[in-house]
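Trainee:
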Amino acid sequence: MWRDLVAWMRFEKAAADRPGPLKARPRPDNPALAEIAPVGPNPGNLRMFAYAPPGLPSGAPLVVVLHGCSQTAAAYDLGAGWSALARRHGFAVLAVEQKAVNNPGGCFNWFNPPDITRGEGEAASIAAMIGQMHALYGQGPTFITGLSAGGAMAAAMLAVYPDLFAGGAIIAGLPFGAATNVRDALEAMRSAPLKTPRQWGDLVRAASAYQGPWPAVSIWHGAMDTTVTIGNAQAAVAQWADLQGLPLTSARQELVDGAVRLRWGGRLELYTLPLLGHGTPIDSRDVGAAGPFMLDAGISSSSRILDFWGLGSGAAKAAPATPASGDAAVPPSSPPHMVEAENFLRRALRRLRGG
Numbered sequence: 010m011w012r013d014l015v016a017w018m019r020f021e022k023a024a025a026d027r028p029g030p031l032k033a034r035p036r037p038d039n040p041a042l043a044e045i046a047p048v049g050p051n052p053g054n055l056r057m058f059a060y061a062p063p064g065l066p067s068g069a070p071l072v073v074v075l076h077g078c079s080q081t082a083a084a085y086d087l088g089a090g091w092s093a094l095a096r097r098h099g100f101a102v103l104a105v106e107q108k109a110v111n112n113p114g115g116c117f118n119w120f121n122p123p124d125i126t127r128g129e130g131e132a133a134s135i136a137a138m139i140g141q142m143h144a145l146y147g148q149g150p151t152f153i154t155g156l157s158a159g160g161a162m163a164a165a166m167l168a169v170y171p172d173l174f175a176g177g178a179i180i181a182g183l184p185f186g187a188a189t190n191v192r193d194a195l196e197a198m199r200s201a202p203l204k205t206p207r208q209w210g211d212l213v214r215a216a217s218a219y220q221g222p223w224p225a226v227s228i229w230h231g232a233m234d235t236t237v238t239i240g241n242a243q244a245a246v247a248q249w250a251d252l253q254g255l256p257l258t259s260a261r262q263e264l265v266d267g268a269v270r271l272r273w274g275g276r277l278e279l280y281t282l283p284l285l286g287h288g289t290p291i292d293s294r295d296v297g298a299a300g301p302f303m304l305d306a307g308i309s310s311s312s313r314i315l316d317f318w319g320l321g322s323g324a325a326k327a328a329p330a331t332p333a334s335g336d337a338a339v340p341p342s343s344p345p346h347m348v349e350a351e352n353f354l355r356r357a358l359r360r361l362r363g364g
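Residue numbering for the sequence shown follows our numbering, starting at 10 and increasing by one per position.
And the structure:
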C-alpha cells in the first residue's frame, strides 16, 4: 500500500513541478485565514482555519473549503479566492488542512473507509469543525467544495453527511465510492470505475440513513486532465443525477466563457473545460491568484459556484451563454477555443445519448 502511496505522491509532485503559472503571492486585498484550535472531536487529526468578514450577521452561510494534494489551506484559499469572495458577498469560510502525519502527500484520505464513514476519521473531524463554526457564527446554510483529493473528500462529505449541506462542488475530483484503498484510488484516477447511475447512487444512499432532499451539486473538470481523468466527472454526474431523480439527457446545454455547461435546473450542473488540465479554473481578473493547480482559465469557478448556490451577486449567471443544439455547424468566425468547446459539447452529447 505504501509503495503505491509513494508513487502517487511522486506523480502529484511531478505535475506540480511542470512549467506553468508562477506560484501565488500574497495580495493586499486578500483577507487572511486564522487558525482555530478544534474544540470538538478531531479523530482525523486535521487543522482548522477560518475567515469571517467584519460585521457578519448570525446565521450567515458557511462555505467549507478542502485543498488538493501538496497544497495548504491558505494557498488554496488565496488561489481560489474564497475569503475574498466571503468579504464581497457576506459568508464565513472554514478551510480544513491535512497534516503530513496523516498523509505524506498532504492529501485528504478520500479512499480510506475509516476516514469517509459517518462519525469516524477525517469526515467526523470536518463535521465537528462545521459544528464549531455554527457555534461561533450561528447555524446558516452550509456548502462544501474542494479540488482533486479535496474534491473527492467533498464528495464523501456530501455522501456521509448530506444533512449538513445545502450544496457542494467537486472540482477535478472523483465520485463517492470510487475507491476503498490506495491501489484502487490510483486506478480510479486513471479510469473511473464502470457502474450504472443506480449503482453510483446506491453507494451514497448506503452511506447514511438520510432520505433527502439531496444537496445541489456543481461539478467542474478539465477535458485534458491526465491526473484525474474526466470520466470521474461523468461518473459523479451519474451519481448525483440518480440521487436527484434527474434524467441524464434532460440537461440544458450551453457554452459559457469557453466552458461547456450542462445544467439540470438548480440541482445539478457540470462544467467541462476542453483545454484545461488538472486544477481549479480561476479568472484572476475577478478573484484569486494563479499558481500550481490554480489555472487562470478566464472563468472563475468559485464565483459561478456561488451563483449556483444562490450566494453570489448573480453577475456570473448573467454573463452571455451560447445555447448549443444538435450538430449545428460551427460558424467560421468562432474563436479557436470556442470551436474546440463546441466540438467537445457535440461529442459529450453523443455519449450521453448513446450515439
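Every residue gets a Cβ at the ideal spot worked out from N, C-alpha and C, and that includes glycine.
Predicted model, so just to flag it, every value in this text is computed and none were measured.
1. Counting Cβ pairs, one atom from each stretch, are 3 or more of them under 8 Å apart for the stretch 120-133 and the stretch 75-91?
2. Quick one: what's Gln262 bridged to in DSSP?
3. Would Leu55 and Glu106 be called neighbours here (beta carbons separated by less than 8 Å)?
4. Tell me Pro290's beta-bridge partners as DSSP assigns them.
5. Under the assumption that Ala181 contacts Phe317 (Cβ atoms under 8 Å), give the Cβ distance between them as a whole number of angstroms.
6. Do you know how far the Cα of Trp229 is from the Cα of Ala237?
7. What are the complete beta strand (DSSP E) segments, minimum 3 residues, inside the stretch 211-245?
8. Could you tell me if Arg294 is buried or exposed, where buried requires 16 or more neighbouring beta carbons within 10 angstroms of its beta carbon?
9. Strictly by DSSP, which residues pair up with Leu277?
10. Ends of the alpha helix (DSSP H) at Gly160?
11. So the candidates are Thr281, Val72, Ala218; which of them puts its Cα closest to the Cα of Gln148?
12. When DSSP builds the beta bridges, which residues end up paired with Leu71?
13. If you follow the alpha helix (DSSP H) that Arg192 is in, where does it begin and where does it stop?
14. First and last residue of the beta strand (DSSP E) that includes Gly176?
15. Can you tell me the Cα-Cα spacing of Met233 and Arg272, whole angstroms?
16. Tell me, which residues are paired with Met57 by DSSP?
17. Can you name, in chain order, every residue of its own chain whose Cβ lies under 7 Å from the Cβ of Thr81, other than the five neighbours on each side?
18. For the stretch 167-177 against the stretch 95-112, are there 3 or more C-beta pairs whose distance is under 8 Å?
19. Just to confirm my understanding: we take His346, look at its own chain, exclude 5 residues before and 5 after, and list those with CB closer than 8 Å. What are they?
20. Would Pro52 and Ser92 be called neighbours here (beta carbons separated by less than 8 Å)?
21. State the Cα-Cα distance for the pair Ala247 and Leu203, rounded to the nearest angstrom.
22. When the distance is taken between beta carbons, is Gly90 closer than 8 Å to Val296?
23. Is there contact here, the stretch 134-146 with the stretch 188-195, by at least three beta-carbon pairs under 8 Å?
24. DSSP three-state call for Leu87: helix, strand or coil?
Mentor: Walking through what the data contain:
1. Touching, no, given that fewer than three Cβ pairs across the two stretches are closer than 8 Å.
2. Leu271
3. yes
4. Leu304
5. Between Phe317 and Ala181 the Cβ distance is about 17 Å, and since that is not below 8 Å, they are no contact.
6. In the sequence as presented, Ala is not what sits at residue 237; that position holds Val. If you draw a straight line from the Cα of Val237 to the Cα of Trp229, it comes to about 12 Å.
7. 225-231
8. exposed
9. Val226, Trp273
10. 158-169
11. Val72
12. Ala101, Thr151
13. For Arg192, the enclosing alpha helix (DSSP H) covers residues 191-199.
14. Note, Gly176: beta strand (DSSP E), 176-180.
15. 21 Å
16. Ile45, Val105
17. Glu106
18. no
19. Unreliable placement is indicated for His346, whose pLDDT of 42 sits below 50; no coordinate value is reported for it.
20. no
21. Roughly 11 Å between the two C-alpha positions.
22. yes
23. Between the stretch 134-146 and the stretch 188-195, the count of C-beta pairs closer than 8 Å stays below three; the two stretches do not touch.
24. helix
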